[in-house]
Amino acid sequence: MTRGELIELTGRYIKRAILGRESPAPLASRSQIQIGMELSLTSPLALQLLLLLPLLPLICSLLRRDPKKQPRAHGLKAYPLLGTLPHFVKNQHRFLDWCTDVIKREPTHTISFKELGFTGGAITANPANVEHILKTNFANYPKGEVTVSMIEDFLGRGIFNSDGEQWLWQRKAASYEFSKRSLRSFVVDAVRFEVVERLLPLLDRARRDGRTLDVQDVLERFAFDNICRVAFDEDPVCLAEESMAAPQSAEFMRAFNDAQSAVTARFMSPFKSLWRLKRLLGMESERRMCEALRTIHGYADRIVRERRERGDATGLAGRDDFLSRFAASGEHSDESLRDGGTWSPTSSSRGATRRRRR
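Following this line, the structure appears as structure tokens:
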């Protein structure tokens, strides 16, 4: 079947999809009938093709334009169809440093970007913009189902993955708990213990032995110990000597790192739903994500279950960790406690201290 015949046949079926009838046509061959049947079963697709026809001249003109003459999107040169994607691909090995450099060059400390097609977003380090988006006008900036779907298996529907009334309720609850003096004192005591009893001795031993320390790894372990104490009063002992660390806690920390890396890879991909195909095919990144989630959820479910049992026996009102405060109200299911009382604060702390390993 020639190209012209296929175009003619497609045109007839597009007309049929719109008008509900088809103009008289000569007899078709078996291959033409087969193609026609497929097109007739996908009339919405035919309608989309028709709607895209007026855009063909624009797309062709964009492809013919000189990339050097393309407008810049707040500091980033935009390319035809690809948008600003080439910049992200080129600098993916130093993404945070590159973002910092670009934002510092902009007077507003804000850049916008375009991904494949017509989607895009913005990156800002302007405090006024951050307050506008996250506080005063948060309802105008929903995360959207695409974003929610990429992190829901990891964070559930906690404060970092919710919108509207659900987010407002969780924010009020978290703000109320964090504003209490007892919780602030608990945080100070936990950090002081970690610094005095573990961090400083670790640095002192390294100095005496002449060892080189991976500062990133040390800070990750330091933050992880602290946030586990504050979030659910568990001490994983990650910063202490290797012999003192519980194997279960070390496995949990590795699983958490793997899950965060997988989520970051999902967001860095130009195709936001590609991770679904990777999971379906059992590719390495998503396979490791599934294994990490089993470890993480098992660890969290154990903590929540033990906290429930401990609360029934001794009560939770006198405990200062985040999870106990939520559980003491009796208004949360085990799943919501896992998402809101453990992963949300844990992920926020890890996100503030962790950078992707090169």
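Just so it is clear: in the sequence shown, position 254 is 254 by UniProt numbering, and no numbers are missing. Just so it is clear, CB atoms sit at the ideal spot from N, CA and C, and this is done for glycine as well. None of these values were measured; they are calculated from a predicted model.
- Within its own chain, the residues whose Cβ lies closer than 6 Å to the Cβ of Arg-288, once the five positions on either side in sequence are excluded, are Asp-258, listed in chain order.
- Taking the Cα of Glu-286 as reference, the smallest distance to any Cα among Phe-271, Val-263, Ile-303, Arg-308 is reached at Val-263.
- Looking at the DSSP output, Thr-124 shares a beta bridge with Thr-110.
- A direct Cα-to-Cα measurement between Arg-211 and Ala-190 gives close to 27 Å.
- Between the alpha carbons of Thr-100 and Val-130 lies a distance of about 16 Å.
- A distance below 8 Å between beta-carbons, with the five flanking residues on each side excluded, links Phe-271 to the following residues of its chain, in chain order: Leu-116.
- Nearest C-alpha to Lys-143 among Pro-127, Ala-128, Ala-122, Asn-126: Ala-122.
- Of the candidates Val-188, Gln-166, Asp-153, the residue whose Cα lies closest to the Cα of Arg-266 is Asp-153.
- Put simply, the stretch 133-152 does not touch the stretch 92-108. Fewer than three CB pairs are less than 8 Å apart.
- Membership of Leu-85 in the alpha helix (DSSP H) is indicated by the continuous run 85-90.
- Between Gly-156 and Gly-120, the gap from beta carbon to beta carbon reaches 8 Å or more.
- For the 8 Å CB-CB criterion, Asp-225 and Asp-233 do not form a contact.
- Secondary structure at Pro-201: helix, using DSSP grouped into helix, strand and coil.
- One Cα belongs to Leu-81, the other to Phe-95, and the distance between them is close to 22 Å.
- Straight across, the Cα-Cα distance linking Asn-126 with Thr-110 is about 7 Å.
- Contact between Met-268 and Gln-92 is confirmed by a C-beta separation of about 6 Å, below the 8 Å threshold.
- In chain order, Gln-170 place their CB closer than 7 Å to the CB of Ser-162, counting only its own chain and leaving out the 5 sequence neighbours on each side.
- Membership of Gly-282 in any alpha helix (DSSP H) is not indicated, and neither H nor E is assigned to it by DSSP.
- Apart from the 5 residues on each side of it in sequence, Val-89 has no Cβ closer than 7 Å to any other Cβ in its chain.
- By the Cβ-count criterion, Cys-290 is exposed, with fewer than 16 other Cβ atoms from all chains shown falling within 10 Å of its own Cβ.
- The Cβ-Cβ distance between Asp-321 and Ala-231 falls below 8 Å.
- DSSP, read as helix, strand or coil, puts Asp-233 in coil.
- Taking the C-beta atoms as reference points, Phe-222 is found no nearer than 8 Å to Leu-200.
- Pairing Ile-133 with Ser-112, the inter-Cα distance amounts to about 15 Å.
- Scanning its chain for C-beta atoms nearer than 6 Å, with the 5 sequence neighbours on each side dropped, one finds around Ala-292 the residues Ala-255, Asp-258, Ala-259, in chain order.
- With at least 16 other beta carbons inside 10 angstroms of its own, Val-304 counts as buried.
- When DSSP states are grouped into helix, strand and coil, Cys-238 belongs to the coil group.
- Each of Tyr-79, Cys-238, Arg-181, Ile-296 was checked against the Cα of Asp-217, and the nearest Cα belongs to Cys-238.
- In the DSSP annotation of this structure, the continuous segment of the alpha helix (DSSP H) that includes Leu-155 starts and ends at 144-155.
- Ranked by Cα distance from Val-215, the first of Leu-203, Arg-208, Asp-209 is Leu-203.
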